[in-house]
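Novice: Here's a structure for you.
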Amino acid sequence: MDLDQSREVAPEEAHQGRWVGRTTLARGWNKKKPWRVGEKLELGLKNGLELNSKPTAMQDIFAPQLAEYSRYLVAERGLAPRSREGYVHHVGAFLTFLARQGVTDLAGVDRTMLRRYVVTLSEAKRAKSGIALRLSAIRSFMRFLVGRGQAPRRGLWSGRSYEARALAPKQEQRLPSFLTEAEAERLLGSSDLSTAFGIRDRAILELVYASGLRVSEVVDLDVASLELDLRQVRAWGKGSKERIALIGVPAQKALIAYLRDARPELLGGPPRNDALFLNRYGGRLSQRSVQNMVKIHAMRSGLDPRRVHPHTLRHSFATHLLDGGADLRVVQELLGHSSPSTTQIYTHITQAQARKVYDAAHPLARRKEG
0 MDLDQSREVA PEEAHQGRWV GRTTLARGWN KKKPWRVGEK LELGLKNGLE
50 LNSKPTAMQD IFAPQLAEYS RYLVAERGLA PRSREGYVHH VGAFLTFLAR
100 QGVTDLAGVD RTMLRRYVVT LSEAKRAKSG IALRLSAIRS FMRFLVGRGQ
150 APRRGLWSGR SYEARALAPK QEQRLPSFLT EAEAERLLGS SDLSTAFGIR
200 DRAILELVYA SGLRVSEVVD LDVASLELDL RQVRAWGKGS KERIALIGVP
250 AQKALIAYLR DARPELLGGP PRNDALFLNR YGGRLSQRSV QNMVKIHAMR
300 SGLDPRRVHP HTLRHSFATH LLDGGADLRV VQELLGHSSP STTQIYTHIT
350 QAQARKVYDA AHPLARRKEG
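Just so we're aligned, residue 0 is where the sequence shown starts under numbering that gives the first Met the number 0, counting upward by one.
Rendered as structure tokens:
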């Protein structure tokens, strides 16, 4: 069966029974049986939690609220498109669950219903971090409904609610993976500078390591985002917030070389767009392409591609800054974190690294007890 995979549908279409979150749709609808029995449609939950084979009246009730919430995230919260999609995706999955439970009024959603949803996600082997992310989106949606008088005010929906935090499964704190300075140098030097693609890849790697930009921020850059004479880049981060990312001389030189020697070749003619980094067709480079590119260069560098991805360079950027004596608040600003607690994780990395060096180097640390 021919499938149009990952087609994004506007929230307003949810009431037609086609979408809750992001779904796989079959081409060629049968008007009498628009939902084909036995056909799995991905409705936000990817581990076997799909709706019944027919749309229900309950979805018709929820669809306008989901559409209004989607508009609110853009107009009032100022979220970037990808962030909005994530929120709507998670809320849509929750609404699918409620529909299956026979819920017809969102004002009746309480702790018991939320707890039941968490259990369902856990049984579906969802990651603990993913469950916490979904609960955050649901609380945001319910606060939106409270603000419009469509749901009663509950402490459960507060962003700082202890009751809400207690619902989420306890997460193990895992330290971010990062490269040593020697490994970072090997990765940056792995590009073939005799080709336009190699020059482009080198510029991307140098930029991410020098600035700590997220991959989503990198692919969204335009040529006008660069201020190379000042060695800085204007990027749009989470929440559509503009921030200034600083770069060093190596990244500056790599970007100049890319603009001069590679981008015109990739563009292939008169300017068709303002995107900074281009693919082989002259269009804007995608996040997935950058992720694949980083893994290819990791293999070329003799690194494990399973542990090297664009965010690894961002982690390495922060860790190496702190190792070099940078103030935590400065690193927070450069990373674009809204809270210092998010940046605090990198101090644990440097402390762990310090312990490893101490245990290996200090004579008393090596002495056996007894």
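Glycine included, C-beta positions come from ideal geometry on N, C-alpha and C.
The structure displayed is predicted, hence computed values, not measured ones.
#1: Could you tell me the distance, in whole angstroms, from the CA atom of D273 to the CA atom of L225?
#2: Do A234 and A250 have their C-beta atoms within less than 7 Å of each other?
#3: Determine the direct distance from the alpha carbon of M112 to that of L204, and round the result to whole angstroms.
#4: Is the beta carbon of N278 less than 7 Å from the beta carbon of L284?
#5: Are V73 and R83 close, meaning C-beta to C-beta below 7 Å?
#6: Go to A253, then tell me how far its alpha helix (DSSP H) extends in each direction, as first and last residue.
#7: Please state the DSSP three-state secondary structure of V100.
#8: Taking C-beta to C-beta, are V371 and L275 nearer than 7 Å?
#9: Can you grab the Cα-Cα spacing for the pair R153 / V217, in whole Å?
#10: Pick helix, strand or coil for D322, following the three-state DSSP scheme.
#11: In whole angstroms, give me the CA-to-CA distance for A181 and S300.
#12: Using a Cβ-Cβ cutoff of less than 8 Å, which residues in the same chain neighbour D303 once the five nearest sequence positions on both sides are dropped?
#13: Nearest CA to the CA of L370: which residue from P269, L254, L227?
#14: At what residues does the alpha helix (DSSP H) containing V145 begin and finish?
#15: Excluding the five sequence neighbours on either side, which residues of its own chain have a C-beta within less than 7 Å of the C-beta of L266, listed in chain order?
#16: Quick check on the DSSP output: the beta strand (DSSP E) that includes V232 runs from which residue to which?
#17: Looking only at its chain, what residues have a beta carbon closer than 6 Å to the beta carbon of G247, apart from the 5 residues adjacent to it on each side?
#18: State the beta-bridge partners of L245 as determined by DSSP.
#19: Give me, in chain order, the residues of the same chain whose beta-carbon lies closer than 8 Å to that of Q149; leave out the 5 immediate sequence neighbours on both sides.
#20: Which one or two residues does DSSP pair with L186 in a beta bridge?
#21: D228: buried (16+ other C-beta within 10 angstroms of its C-beta) or exposed?
#22: Taking the alpha helix (DSSP H) that Q290 belongs to, which residues open and close that run?
#23: Does M292 have its Cβ less than 7 Å from a Cβ in chain C?
#24: On the CB-based measure, 16 or more other CB atoms within 10 Å of its CB, does A56 come out buried or exposed?
#25: What is the DSSP secondary structure of L225, counted as helix, strand or coil?
#26: Does the separation of the CB atoms of L333 and G146 fall below 7 Å?
#27: In the DSSP assignment, find the unbroken alpha helix (DSSP H) run with S210 in it and report its ends.
#28: My output table needs one value for R279: the three-state DSSP class, helix, strand or coil.
#29: From H88 to F140, what does the alpha carbon distance come to, in whole angstroms?
#30: For L220 and P309, I'd like the C-alpha separation in whole angstroms.
#31: Is the beta carbon of L312 closer than 7 Å to that of V214?
#32: Just tell me which of A261, V329, P80 has its CA closest to the CA of R199.
#33: By how many angstroms is the C-alpha of R142 removed from the C-alpha of R305?
#34: Anyone know if the C-beta pair for A183 and S315 falls short of 7 Å?
#35: In terms of residue numbering, what span does the alpha helix (DSSP H) encompassing V329 cover?
Specialist: Looking at the coordinates:
#1: As a first step, residue 273 must be located in the sequence shown, where it is residue number 274. As a first step, residue 225 must be located in the sequence shown, where it is residue number 226. Taking the straight line from one Cα to the other gives about 12 Å.
#2: Indexing the sequence shown from 1 puts residue 234 at position 235. Indexing the sequence shown from 1 puts residue 250 at position 251. No; because the gap between Cβ atoms is not below 7 Å, this pair is not in contact.
#3: On the sequence shown, residue 204 is found 205 positions in, with the first residue counted as 1. On the sequence shown, residue 112 is found 113 positions in, with the first residue counted as 1. The straight-line gap from Cα to Cα measures roughly 46 Å.
#4: As a first step, residue 278 is located in the sequence shown; it is residue number 279 there, counting from the start. As a first step, residue 284 is located in the sequence shown; it is residue number 285 there, counting from the start. Going by C-beta atoms, N278 is nearer than 7 Å to L284.
#5: Your numbering for residue 73 matches position 74 in the sequence shown. Your numbering for residue 83 matches position 84 in the sequence shown. Yes; because the gap between Cβ atoms is below 7 Å, this pair is in contact.
#6: Sequence index remark: in the sequence shown, residue 253 carries index 254 (1-based). 248-256 is the extent of the alpha helix (DSSP H) around A253.
#7: The residue you call residue 100 lines up with position 101 of the sequence shown. What sits at residue 100 in the sequence shown is Gln, not Val. Reduced to three states, the DSSP call for Q100 is coil.
#8: The requested residue 371 does not occur in the structure, where the chain is confined to residues 0 to 369.
#9: In the sequence shown, counting from the first residue as 1, residue 153 sits at position 154. In the sequence shown, counting from the first residue as 1, residue 217 sits at position 218. Their Cα atoms are separated by approximately 40 Å.
#10: Along the sequence shown, one-based indexing puts residue 322 at 323. Helix.
#11: Against the sequence shown, residue 181 aligns to sequence position 182. Against the sequence shown, residue 300 aligns to sequence position 301. Between A181 and S300, the C-alpha separation is close to 11 Å.
#12: The residue given as residue 303 occupies position 304 in the sequence shown. Excluding sequence neighbours, D303 sits near A297.
#13: Because the chain is modelled from 0 through 369, residue 370 falls outside the range shown and cannot be assessed.
#14: Position 146 of the sequence shown, counted from the first residue, corresponds to residue 145. Per DSSP, V145 belongs to the alpha helix (DSSP H) from 127-146.
#15: Against the sequence shown, residue 266 aligns to sequence position 267. Closer than 7 Å at the Cβ level, and outside the excluded window around L266, lie L277, G281.
#16: Working through the sequence shown from its first residue, we reach residue 232 at position 233. Element bounds for V232: 231-235.
#17: Within the sequence shown, the letter at position 248 stands for residue 247. So the qualifying residues of the chain are A209.
#18: For the purposes of this step, residue 245 is taken as the residue at position 246 of the sequence shown. Beta bridge pairing from DSSP links L245 with Q231.
#19: In the sequence shown, the residue the question calls residue 149 occupies position 150. The answer, listed in chain order, is Q64, L105, A106.
#20: To locate residue 186, count along the sequence shown from 1; it is residue 187. For L186, which the question treats as bridged, DSSP gives no partner whatsoever.
#21: Indexing the sequence shown from 1 puts residue 228 at position 229. Exposed, by the Cβ-count rule.
#22: As a working note, residue 290 is residue 291 in the sequence shown. Taken as a continuous stretch (DSSP letters only), the alpha helix (DSSP H) holding Q290 covers 286-299.
#23: The chain inventory of the structure shown lacks chain C, comprising one protein chain alone.
#24: Taking the sequence shown and counting its residues from 1, one reaches residue 56 at position 57. Its pLDDT being 43, under 50, A56 is placed unreliably by the model, and the measurement read from it follows with that caveat. Exposed.
#25: Locating residue 225 in the sequence shown gives position 226, where the first residue counts as 1. Strand, per DSSP.
#26: Position 334 of the sequence shown, counting from 1, holds the residue named residue 333. Position 147 of the sequence shown, counting from 1, holds the residue named residue 146. No, the Cβ-Cβ distance between L333 and G146 is not below 7 Å.
#27: As a position in the sequence shown, residue 210 is number 211, starting the count at 1. From DSSP, the alpha helix (DSSP H) with S210 extends over 195-210.
#28: Along the sequence shown, one-based indexing puts residue 279 at 280. Residue state, collapsed to three classes: coil.
#29: In the sequence shown, the residue the question calls residue 88 occupies position 89. In the sequence shown, the residue the question calls residue 140 occupies position 141. Cα-Cα distance, rounded: 12 Å.
#30: For the purposes of this step, residue 220 is taken as residue 221 along the sequence shown, with counting starting at 1. For the purposes of this step, residue 309 is taken as residue 310 along the sequence shown, with counting starting at 1. Roughly 15 Å between the two C-alpha positions.
#31: For the purposes of this step, residue 214 is identified with residue 215 of the sequence shown, where counting begins at 1. For the purposes of this step, residue 312 is identified with residue 313 of the sequence shown, where counting begins at 1. Not a contact, by the Cβ cut-off of 7 Å.
#32: In the sequence shown, the residue the question calls residue 199 occupies position 200. Measuring from the Cα of R199, the nearest candidate turns out to be A261.
#33: The sequence position of residue 305 within the sequence shown is 306, counting from 1. The sequence position of residue 142 within the sequence shown is 143, counting from 1. If you take the alpha carbons of R305 and R142, they lie about 39 Å apart.
#34: Working through the sequence shown from its first residue, we reach residue 183 at position 184. Working through the sequence shown from its first residue, we reach residue 315 at position 316. It is a contact, given that the beta carbons lie within the stated cut-off.
#35: As a position in the sequence shown, residue 329 is number 330, starting the count at 1. Here the alpha helix (DSSP H) through V329 covers 327-334.
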